[in-house]
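Peer 1: Just passing along the structure, written as structure tokens.
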Amino acid sequence: DTAVSQTPKYLVTQMGNDKSIKCEQNLGHDTMYWYKQDSKKFLKIMFSYNNKELIINETVPNRFSPKSPDKAHLNLHINSLELGDSAVYFCASSSTGGNTEAFFGQGTRLTVV
Amino acid sequence: GENVEQHPSTLSVQEGDSAVIKCTYSDSASNYFPWYKQELGKRPQLIIDIRSNVGEKKDQRIAVTLNKTAKHFSLHITETQPEDSAVYFCAASDPFYGGATNKLIFGTGTLLAVQP
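Rendered as structure tokens:
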């Protein structure tokens, strides 16, 4: 039973398109995240939500818009895709309280051509 | 903000040898330091973590040490096996956010190759 699941796993799209990635967790966690892993494997946080409230927005371009309809779901919508957006995007979740394990989804490999 | 440096970027060892990966952090208020293992094409998974009130933690062949004064922590893997081959990331929690969220600042990763 998958704890953090995200769809799709692969996404190939043309520049200028708009795309969405969905994430769901069944761990009962209050906090969810989006991380970006670039071609050099560097993992960097993009957003964090706690109980549907945006807590962290790491100077991500406005083209990226997260949305949390409830605490078990966190989606990421990207407008006007650019070549530099190509990366693996990971959703993660953790329980509130800090200093707790972050559980990652399987990742979405986005390729912009 | 917090900054984490990780060394080496690549590490090759013979099966059965030990491997050590080192990280330093900049914010002395950070108090949570997890280590993640990421196999090729897979998600990062927690292998061990340590909190600032502890100097060392061990789980079978894996151990982590923390030196708060020097602001560095290390991952030790003993009796390495081919299945230990992966990218390992250290991380430190950004203390700014308190309990509402757990913002992790990751190191740049170490590609560990265990030669059979």
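Those sequence lines, one after another, are chains A and B. Just so we're aligned, residue 1 is where the first sequence starts under the numbering used here, counting upward by one. Just so we're aligned, residue 1001 is where the second sequence starts under the numbering used here, counting upward by one. Built from N, CA and C at the ideal position, the CB exists for glycine as well.
Give me the Cβ distance between residue 68 of chain A and residue 46 of chain A, rounded to the nearest whole Å; I'm assuming they're in contact under 8 Å.
Peer 2: Position 68 of the first sequence, counting from 1, holds the residue named residue 68 of chain A. Position 46 of the first sequence, counting from 1, holds the residue named residue 46 of chain A. The pair is not a contact, with the Cβ atoms about 13 Å apart (cut-off 8 Å).
Peer 1: Which partner residues of residue 1034 of chain B appear in the DSSP bridge assignment?
Peer 2: Position 34 of the second sequence, counted from the start, is the residue given in the question as residue 1034 of chain B. Paired residue(s): B:1049.
Peer 1: Between residue 27 of chain A and residue 1077 of chain B, what straight-line distance do the alpha-carbon atoms span, to the nearest angstrom?
Peer 2: Along the first sequence, read from residue 1 onward, the residue named residue 27 of chain A stands at position 27. Along the second sequence, read from residue 1 onward, the residue named residue 1077 of chain B stands at position 77. C-alpha separation (whole angstroms): 29 Å.
Peer 1: Listing by chain order, which chain A residues have their CB less than 9 Å from the CB of residue 1064 of chain B?
Peer 2: Looking up residue 1064 of chain B in the second sequence gives position 64. The premise fails here: residue 1064 of chain B is roughly 14 Å from chain A at the closest Cβ pair, so nothing lies under 9 Å.
Peer 1: Could you check what DSSP says for residue 1084 of chain B in three-state terms: helix, strand or coil?
Peer 2: Translated into positions along the second sequence, residue 1084 of chain B becomes position 84. The answer is helix: DSSP assigns residue 1084 of chain B an H, G or I state.
Peer 1: As a quick exercise: from A:5, A:96, A:4 and A:10, pick the residue whose alpha carbon is nearest that of residue 88 of chain A.
Peer 2: Stepping through the first sequence from its first residue, residue 88 of chain A is reached at position 88. Selected option, being the one with the closest Cα: A:10.
Peer 1: At the 8 Å Cβ level, is residue 24 of chain A part of the contact set with chain B, yes or no?
Peer 2: Stepping through the first sequence from its first residue, residue 24 of chain A is reached at position 24. No, because no Cβ of chain B sits closer than 8 Å to the Cβ of residue 24 of chain A.
Peer 1: My understanding is that residue 1107 of chain B touches residue 1023 of chain B, with C-beta atoms under 8 Å, so please give their C-beta distance in whole angstroms.
Peer 2: For this step, residue 1107 of chain B is matched to residue 107 along the second sequence. For this step, residue 1023 of chain B is matched to residue 23 along the second sequence. Yes, residue 1107 of chain B and residue 1023 of chain B are in contact; Cβ-Cβ is about 5 Å, under 8 Å.
Peer 1: What is the DSSP secondary structure of residue 70 of chain A, counted as helix, strand or coil?
Peer 2: As a position in the first sequence, residue 70 of chain A is number 70, starting the count at 1. It is a strand residue.
Peer 1: Please list the partners that residue 1016 of chain B has in chain A, where partner means a Cβ-to-Cβ separation under 8 Å.
Peer 2: Translated into the one-based positions of the second sequence, residue 1016 of chain B becomes position 16. The contacting residues do not exist; residue 1016 of chain B stays about 27 Å from chain A at best.
Peer 1: Checking the sheet assignment: what are the DSSP bridge partners for residue 109 of chain A?
Peer 2: Within the first sequence, residue 109 of chain A is the residue found at index 109, counting from 1. Partner(s): A:10 and A:88.
Peer 1: Taking the beta carbon of residue 14 of chain A as the centre, do at least 16 other beta carbons fall within 10 Å, making it buried, or is it exposed?
Peer 2: Along the first sequence, one-based indexing puts residue 14 of chain A at 14. Flag for residue 14 of chain A reads exposed.
Peer 1: Measure the alpha-carbon distance for residue 1026 of chain B versus residue 1045 of chain B and round it to whole angstroms.
Peer 2: Here residue 1026 of chain B refers to the residue found at position 26 of the second sequence. Here residue 1045 of chain B refers to the residue found at position 45 of the second sequence. Distance between the alpha carbons of residue 1026 of chain B and residue 1045 of chain B is about 24 Å.
Peer 1: Spatial neighbours of residue 1008 of chain B within its chain, please: CB distance less than 7 Å, with the 5 preceding and 5 following residues excluded, ordered by chain position.
Peer 2: The residue labelled residue 1008 of chain B in the question sits at position 8 within the second sequence. For residue 1008 of chain B, where only same-chain residues beyond five positions count, the Cβ hits under 7 Å are 1110.
Peer 1: Let me know if residue 62 of chain A comes out buried or exposed under the rule of 16 or more other beta-carbons within 10 Å of its beta-carbon.
Peer 2: In the first sequence, the residue the question calls residue 62 of chain A occupies position 62. The residue is exposed, with fewer than 16 neighbouring Cβ atoms inside 10 Å.
Peer 1: Can you tell which of B:1101, B:1089 and B:1067 has the C-alpha that lies nearest to the C-alpha of residue 1006 of chain B?
Peer 2: As a position in the second sequence, residue 1006 of chain B is number 6, starting the count at 1. The shortest C-alpha separation from residue 1006 of chain B is found at B:1089.
Peer 1: Can you tell me which residues form a DSSP beta bridge with residue 1002 of chain B?
Peer 2: Numbered from 1 along the second sequence, position 2 holds the residue referred to as residue 1002 of chain B. Answer is none; residue 1002 of chain B lacks a bridge partner.
Peer 1: In chain order, what residues of the same chain have a beta carbon less than 8 Å from the beta carbon of residue 58 of chain A, not counting five sequence neighbours either side?
Peer 2: Counting from 1 along the first sequence, the entry for residue 58 of chain A is found at position 58. For residue 58 of chain A, where only same-chain residues beyond five positions count, the Cβ hits under 8 Å are 44, 45, 46 and 47.
Peer 1: Quick one: grab the DSSP three-state call for residue 1040 of chain B.
Peer 2: As a first step, residue 1040 of chain B is located in the second sequence; it is residue number 40 there, counting from the start. Coil.
Peer 1: For residue 1106 of chain B, go through chain A and note every residue whose CB falls closer than 8 Å to its CB, in chain order.
Peer 2: As a working mapping, residue 1106 of chain B is identified with position 106 in the second sequence. Near residue 1106 of chain B (Cβ distances below 8 Å), the residues of chain A are 42, 43 and 44.
Peer 1: Check the Cβ-Cβ distances between residue 1089 of chain B and every residue of chain A, and say whether any is below 8 Å.
Peer 2: The residue you call residue 1089 of chain B lines up with position 89 of the second sequence. Yes, because at least one Cβ of chain A sits closer than 8 Å to the Cβ of residue 1089 of chain B.
Peer 1: Chain A partners of residue 1046 of chain B, CB-CB under 7 Å?
Peer 2: Against the second sequence, residue 1046 of chain B aligns to sequence position 46. Neighbours of residue 1046 of chain B on chain A, chain order: 101.
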